[in-house]
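A.B. asks: In mature numbering (1 follows the signal peptide of the UniProt record, and there is no 0), the protein residues as written are -19 to -1, 1 to 98.
Glycine included, each C-beta is placed from N, C-alpha and C at the ideal position.
Predicted model only: the values in this text are computed from it and were never measured.
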């Protein structure tokens, strides 16, 4: 009985992993076709496991005018140790958010500009 339950558990885990992989592939394809929300979803999925891949998809989303992705990137570059506090890049992404008429992006852009970045 234990072997059957273990086999069912393993099969369930495998099916879940396959479903997640298919969903990710679908989102990546939608992103490649210009869907900013799909790009952001993939970027958020990788946020804590693969920073370069996360940045890649969040940048695509930001470039497709999704202001939230621009703000996340600005925050990551400003405050995240893995990015070495790259204030120039943070300012760039806050600037993109500001260009999209986001008040928080404008505020953060101005703050970094006043600090000389």
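Is the number of C-beta pairs between the segment 66 to 81 and the segment 44 to 52 that are closer than 8 Å three or more?
C.D. replies: yes
A.B. asks: Among residues of its own chain, excluding the 5 on either side of residue 24, which ones have a beta-carbon nearer than 7 Å to its beta-carbon?
C.D. replies: Closer than 7 Å at Cβ, skipping near neighbours: 35, 38, 39, 42, 50.
A.B. asks: Specify, as a first and last residue, the run of the alpha helix (DSSP H) that residue 75 falls within.
C.D. replies: 68 to 80
A.B. asks: For the ligand ATP, I want to know if residue 10 counts as a neighbour, meaning its beta carbon is within less than 7 Å of at least one of the ligand's heavy atoms.
C.D. replies: The ligand ATP is not part of the structure shown, which contains no ligands of any sort.
A.B. asks: Quick check on the DSSP output: the alpha helix (DSSP H) that includes residue 57 runs from which residue to which?
C.D. replies: Here the alpha helix (DSSP H) through residue 57 covers 48 to 60.
A.B. asks: Taking the beta carbon of residue 94 as the centre, do at least 16 other beta carbons fall within 10 Å, making it buried, or is it exposed?
C.D. replies: exposed
A.B. asks: In whole angstroms, what separates the C-alpha of residue 90 from that of residue 15?
C.D. replies: 26 Å
A.B. asks: Hey, residue 47 and residue 17: beta-carbon distance below 8 Å or not?
C.D. replies: yes
A.B. asks: On the criterion of 16 or more Cβ atoms from any shown chain inside 10 Å, does residue 4 qualify as buried, or is it exposed?
C.D. replies: exposed
A.B. asks: Please state whether DSSP places residue 96 in a helix, a strand or coil.
C.D. replies: Three-state DSSP puts residue 96 in coil, outside helix and strand.
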